[in-house]
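Per the UniProt record's numbering, residue 1 is the first one in the sequence shown, and the count goes up by one each step.
Beta carbons are placed, not taken as given, at the ideal position from N, Cα and C, and that holds for glycine.
For reference, the structure discussed in these notes is given below.
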Amino acid sequence: MSSLHKEQHQRRQQQRKKRGPYTTKACTNCRQKHAKCTGKAFCERCTRLNLVCTFDDSGQKRGPKKNGKLSEEVYVPNDLRNDFDRNPMLVSAVSNAVQSHVSTFSSPLEYPQPDNIDDTY
């Protein structure tokens, strides 16, 4: 590693230390402004700006659902909807195709296992 790379690496490390720890829950004001929040009862930003510091405790979870299942809802353009209305067999065919893709993604990946464990080393 060259001396220039070492200096850049050291600067990045120092910047990370200055940033401080991340908080798992930001107050409403900081979240709306995408600002750093200390996560304490009265965060530093709200105190400095004389804002009311509140935390949304609605109980709603953010992010993807934990069950890992894909949604079976499929977007169908309007011109294709007319085709589906006229041809119920088409609906069945598309539904089966979507179902096969969903089951492919929801099943674990299978890898071939070696016949003899000693052969892998």
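| request: State buried or exposed for residue 26, treating a residue as buried only when at least 16 other CB atoms are found within 10 Å of its CB. | output: buried
| field | Straight-line Cα distance separating residue 24 from residue 49 | value | 22 Å
| query | From which residue to which residue does the alpha helix (DSSP H) around residue 30 run? | reply | 28-33
| task | Report all residues from its chain with a CB closer than 7 Å to the CB of residue 9; omit the five preceding and five following residues, and keep chain order. | result | none
| query | What residue does the alpha helix (DSSP H) around residue 46 start on, and which one ends it? | reply | 44-48
| request: Determine the closest residue to residue 41 out of 35, 33 and 56, with distance taken between C-alpha atoms. | output: 56
| request: Compute the Euclidean distance between the alpha carbons of residue 35 and residue 29, then round it to the nearest angstrom. | output: 8 Å
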